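To keep things clear, I will list the structure first and then write my remarks on it.
Residue numbers (the working numbering): 40 to 194.
So this is what it looks like as structure tokens:
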């Protein structure tokens, strides 16, 4: 999808509520008792460009298509690793069209620009997005899902 724009959520803060709702709906088990409002409060912390956490979004004609966050921590069983690609989402009807890969590439570029030597991801459903340059460190059970812990060397 060549007409997809990748932007900082900080430049589109009005989308925080919408984004929180779709993230919460996608991962209700992960969020547990947390509400979409709680998720929105977390996302509000990602409204920045030069420090973590920060969020990128995919847009087409101003419509939110997806997101990925770059944060210091994510998989609580691995606090010694970071930063992480987290809060990853692409609208279900648009999956498989390259939007996720664009988001991952943009997060990689952003992490590199900020001086990070490695980047990590924990992925089950979206593992295919982490191919070129990513290596599986281990597979673990996390929140009832089998996920791969992946690393990307950025230098």
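Even for Gly, the Cβ is constructed at its ideal location relative to N, Cα and C.
No experiment lies behind these values; they were computed from the predicted model shown.
- According to the DSSP assignment, residue 179 belongs to the beta strand (DSSP E) that extends over 173-181.
- Residue 60 and residue 157 have their C-alpha atoms spaced approximately 30 Å apart.
- Note on geometry: alpha-carbon atoms of residue 148 and residue 80 lie some 26 Å from one another.
- Using a Cβ-Cβ distance cut-off of 8 Å, the segment 44-57 and the segment 91-100 are in contact, since at least three pairs of beta carbons, one from each stretch, lie closer than that value.
- Rounded to the nearest whole angstrom, the CA to CA distance from residue 183 to residue 155 is 30 Å.
- By a beta-carbon distance limit of 8 Å, residue 138 contacts residue 104. Their separation comes to about 5 Å.
- Beta bridge pairing from DSSP links residue 99 with 102.
- One thing to note: residue 146 has its Cβ within 7 Å of the Cβ of residue 109.
- Boundaries of the beta strand (DSSP E) harbouring residue 186: 184-192, taken from the DSSP string.
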